[in-house]
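For the sequence shown, this note's numbering begins at 2 and goes up steadily by one.
Shown next, in structure tokens, is the structure this report addresses.
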Amino acid sequence: MKPLSLNPDVADLAPDGDELTVYDEEHTVTYIRMLDAERARADWREVARIVLHIDPEAEGERARRAFDTHLARAKWLARTGYRQLLRRGSLR
2 MKPLSLNPDV ADLAPDGDEL TVYDEEHTVT YIRMLDAERA RADWREVARI
52 VLHIDPEAEG ERARRAFDTH LARAKWLART GYRQLLRRGS LR
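See the structure below:
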């Protein structure tokens, strides 16, 4: 596994299946930041700009779609997907 990047660029859509992907492993920090921002009640536009590197003013639909799918994936990872990370030893 590659070392975790603390601020990776993201795809327009996060994965949505029930299996952990390489993308998920590479974006674990992104997902944690998304959950942290939600808990802090940060504005989605600020999160899109800072965490996802997408300008919501210039690319509103793309930014919102990326925000929604990455937050949903972050919640999935926090609820159940983390077990797959642990089995793979991805958090070392």
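Built from N, CA and C at the ideal position, the CB exists for glycine as well.
Residue i - DSSP class collapsed to helix/strand/coil
| i | result |
| --- | --- |
| residue 86 | helix |
| residue 15 | coil |
| residue 93 | A caution first: residue 93 carries a pLDDT of 49, below 50, which makes its placement in the model unreliable, though a value can still be read off. Coil. |
| residue 37 | helix |
| residue 63 | helix |
Whether residue i touches residue j by CB criterion (9 Å)
| i | j | result |
| --- | --- | --- |
| residue 65 | residue 49 | yes |
| residue 29 | residue 11 | no |
Best match in the options for proximity to residue i [C-alpha to C-alpha]
| i | options | result |
| --- | --- | --- |
| residue 86 | 12, 21 and 6 | 21 |
| residue 27 | 61, 71 and 80 | 71 |
| residue 68 | 82, 88 and 51 | 51 |
| residue 40 | 57, 76 and 23 | 76 |
| residue 6 | 18, 59, 23 and 16 | 23 |
| residue 19 | 74, 13 and 88 | 74 |
| residue 9 | 42, 84 and 53 | 53 |
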